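S.K.: These protein sequence lines map, in sequence, to chains H and C. Residue 97 in the UniProt record's numbering sits at position 97 of the first sequence, and the numbers go up by one each step. Residue 162 in the UniProt record's numbering sits at position 162 of the second sequence, and the numbers go up by one each step.
Protein chains: 2
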Amino acid sequence: MDKFNVGKHISGKFNEELGDVRNQVLTMGGLVEKQLSDALTAIQTNDTELADRVLDNDGKINAMEMRIDAACGQIIAKRQPTASDLRLVLAIIKTISDLERIGDEAERLAHVAKASFNKDQEHLLVSLENLGQQVLLMLRNVLDAFARMDEEAAFSVHQMDANADRQYEALTRQLMTYMMEDPRSIPKIMDVMWSARSLERIGDRCQNISEYIIYFVRGKDVRHISPEMMENTVRGR
Amino acid sequence: MDKFNVGKHISGKFNEELGDVRNQVLTMGGLVEKQLSDALTAIQTNDTELADRVLDNDGKINAMEMRIDAACGQIIAKRQPTASDLRLVLAIIKTISDLERIGDEAERLAHVAKASFNKDQEHLLVSLENLGQQVLLMLRNVLDAFARMDEEAAFSVHQMDANADRQYEALTRQLMTYMMEDPRSIPKIMDVMWSARSLERIGDRCQNISEYIIYFVRGKDVRHISPEMMENTVRGR
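So this is what it looks like as structure tokens:
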């Protein structure tokens, strides 16, 4: 199925521009995914150099967002897209905003990776690992769904968030117990708490992106509706 | 100065549509401001009924976001706006996304307002008050700047955030001290901590909106640039 209507446009130049901007989003998504993955690795391996690299790269993501946003504005002004072309451009404008903010959360995680933890505090960081891997998988899957504009895959990512939320709740309860047991470690545990929150927010942003994908494919805004209604929309019922 | 180019459009209908969508944003902004203000009052006065009202109203804000988003899509498709008209529509699409998320933070604050605090824990809530009022003022001012598309006023809001950040830092340090002094109260203090975080994020979102205003007026993307460069853009230098 030619979801991008490549054969439809009279102007080959328009095709080229839409394709180019899609590729830029995928490149940006790839970098954001690497940032999150590197930030998680830096936390687990206490690798401050890797954390510094994550911090250095955030500017690249910001620049990409601004460049893609400008390209989308030019496409709207010059090509006056309608129907699914317009939905694609609008979905891209929203997607890059969420990607940029996922990048910001990765930056926050990298700051925590640079904070020094004692040997006997390392279990705190281990407890972040499961949630981190769950959220990284959500990001990978939603970027993959975006590349293929696959509304079923997008819906699957949307459903994964409930699991991430449960893990997050369990983790924060565990961290609060640690704080009560050893009040001196509270500042360190708060660092981990913020990291957990960052991960939970990344999951929410992956959900947002999956909503934009479904909007593009189905032409229907599926934000703020029940899971059942969303599923019906995805399945074209 | 006719920043909205009302005299320019050949189509009176187009004027009407743009004016209508702007009014809808102002209505949405007014409701979000009321939500935040009510949530803060509910926290201070321990008013669970008011908190319930905030929770009930969130659906209205979501519906407004979807309606305005759809109207913007239709304007682009039907009117094919360019230049400042297009910038206005794009600025609106982004603004309502931030407004909706400010609404979500107000909802989180309302949940905390419903949690029961003992008499001897009330000082925790009082400490939120200053930050809350600072952020509410930012929201008011940025909505006012949006109504007039006043780039100077938007820039002032942008600069207010540094103060909100400082207050937030001081508050979290204070809350951590309370946790260390009385570990049994940690779960309650964490509620206050999340509220402080919500307020800090609202300040960030007001900054975002002020960036969209400057983008509309000056035609330049001022995200991710230094305060000096932003000031030069605002002043047309």
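Note that CB positions come from ideal geometry on N, CA and C, so glycine has one too. As the structure is a prediction and not an experimental result, all values here were calculated from the model.
Taking Cβ positions, are S195 of chain C and R108 of chain C nearer each other than 9 Å?
M.R.: Result yes, Cβ atoms of S195 of chain C and R108 of chain C sit closer than 9 Å.
S.K.: Does any residue of chain C have a CB that is nearer than 9 Å to the CB of R166 of chain H?
M.R.: So, not an interface residue.
S.K.: For the stretch 66-80 of chain C, which residues have a beta carbon sitting closer than 8 Å to at least one beta carbon of chain H?
M.R.: Listed in sequence order: M66, D69, A70, G73, I76, A77, Q80.
S.K.: The alpha helix (DSSP H) that contains R235 of chain H, what's its start and end?
M.R.: No alpha helix (DSSP H) holds R235 of chain H; DSSP gives it neither H nor E.
S.K.: Consult DSSP for A115 of chain H and reduce its assignment to one of helix, strand or coil.
M.R.: Residue state, collapsed to three classes: coil.
S.K.: Have a look at H:N163, H:S198, H:L99 and flag the residue whose alpha-carbon is nearest the alpha-carbon of I209 of chain H.
M.R.: Of the candidates H:N163, H:S198, H:L99, the one whose C-alpha sits nearest the C-alpha of I209 of chain H is H:L99.
S.K.: Okay, do the stretch 58-78 of chain H and the stretch 119-134 of chain H touch, 3+ Cβ pairs below 8 Å being the bar?
M.R.: Judged by Cβ distances under 8 Å, the stretch 58-78 of chain H makes no contact with the stretch 119-134 of chain H, as fewer than three pairs qualify.
S.K.: What would DSSP say about G219 of chain H, mapped onto helix, strand or coil?
M.R.: It is coil, neither helix nor strand.
S.K.: Taking all protein chains shown into account, do 16 or more other C-beta atoms lie within 10 angstroms of the C-beta of S11 of chain C, making it buried, or fewer, making it exposed?
M.R.: By the 10 Å Cβ count, S11 of chain C comes out exposed.
S.K.: Short of 8 Å in beta carbon distance, which residues of its chain neighbour A71 of chain H, apart from the five on each side in sequence? Order them along the chain.
M.R.: The residues are E17, D20, V21, Q24.
S.K.: When Cβ atoms are compared, which residues of the stretch 208-235 of chain H fall closer than 7 Å to chain C?
M.R.: Cβ contacts with chain C come from D221, R223, H224.
S.K.: Is there a Cβ of chain C sitting closer than 9 Å to that of A83 of chain H, yes or no?
M.R.: For A83 of chain H, the answer is yes, since a Cβ of chain C falls inside 9 Å of its Cβ.
S.K.: Whole-angstrom Cβ separation of A153 of chain H and A110 of chain H, contact assumed at under 8 Å?
M.R.: No, A153 of chain H and A110 of chain H are not in contact; Cβ-Cβ is about 29 Å, not under 8 Å.
S.K.: List the residues of chain C that N62 of chain H touches, going by C-beta distances under 9 Å, in chain order.
M.R.: Simply R223, H224.
S.K.: Look at the alpha carbon of A77 of chain H and the alpha carbon of I225 of chain H, and state the distance between them as a whole number of angstroms.
M.R.: Distance between the alpha carbons of A77 of chain H and I225 of chain H is about 32 Å.
S.K.: Tell me the start and end of each unbroken alpha helix (DSSP H) in the UniProt domain "PhoU" (26-111) of chain H that is at least 4 residues and wholly inside, in chain order.
M.R.: Runs of the alpha helix (DSSP H) inside the UniProt domain "PhoU" (26-111) of chain H: 48-79.
S.K.: Evaluate H158 of chain H with the Cβ neighbour count: other Cβ atoms within 10 Å of its Cβ, from every protein chain shown; 16 or more gives buried, anything less gives exposed.
M.R.: Looking at its Cβ environment, which holds 16 or more other Cβ atoms inside 10 Å, H158 of chain H is buried.
S.K.: Which residue's Cα is closest to the Cα of D52 of chain C: C:L131, C:Y212, C:K114, C:D182?
M.R.: It is C:K114 whose Cα lies nearest to the Cα of D52 of chain C.
S.K.: From this set, C:N15, C:M179, C:L139, which residue's C-alpha is nearest S101 of chain C's C-alpha?
M.R.: Note on residue identity: the sequence assigns Arg, not Ser, to residue 101 of chain C. The residue with the shortest Cα to Cα distance from R101 of chain C is C:L139.
S.K.: Within a Cβ cutoff of 8 Å, which residues of the same chain sit near D120 of chain H, ignoring the five residues on either side of it in sequence?
M.R.: The answer is none, since no qualifying residue turns up.
S.K.: Contact check, Q133 of chain C vs A164 of chain C under 8 Å by CB: the rounded distance?
M.R.: Not a contact, Cβ separation roughly 10 Å.
S.K.: Anything in chain H within Cβ reach of L90 of chain C, meaning under 7 Å, just list it in chain order.
M.R.: Those within 7 Å of L90 of chain C in chain H are G73.
S.K.: Below 8 Å on the Cβ atoms is my contact criterion, and I expect A83 of chain C with Y212 of chain C to pass it. Report the Cβ-Cβ distance as a whole number of Å.
M.R.: Actually they are not in contact, since the Cβ atoms of A83 of chain C and Y212 of chain C sit about 16 Å apart, beyond 8 Å.
S.K.: May I have a chain-ordered list of the alpha helix (DSSP H) segments no shorter than 4 residues that lie completely inside the UniProt domain "PhoU" (129-213) of chain H?
M.R.: Whole alpha helix (DSSP H) segments, 4+ residues: 151-181.
S.K.: Short of 8 Å in beta carbon distance, which residues of its chain neighbour Y178 of chain H, apart from the five on each side in sequence? Order them along the chain.
M.R.: These residues qualify, in order along the chain: L124, S185, I189.
S.K.: Measure from the C-beta of R108 of chain H to each C-beta in chain C and report whether the shortest distance is under 9 Å.
M.R.: Output row for R108 of chain H: interface = no.
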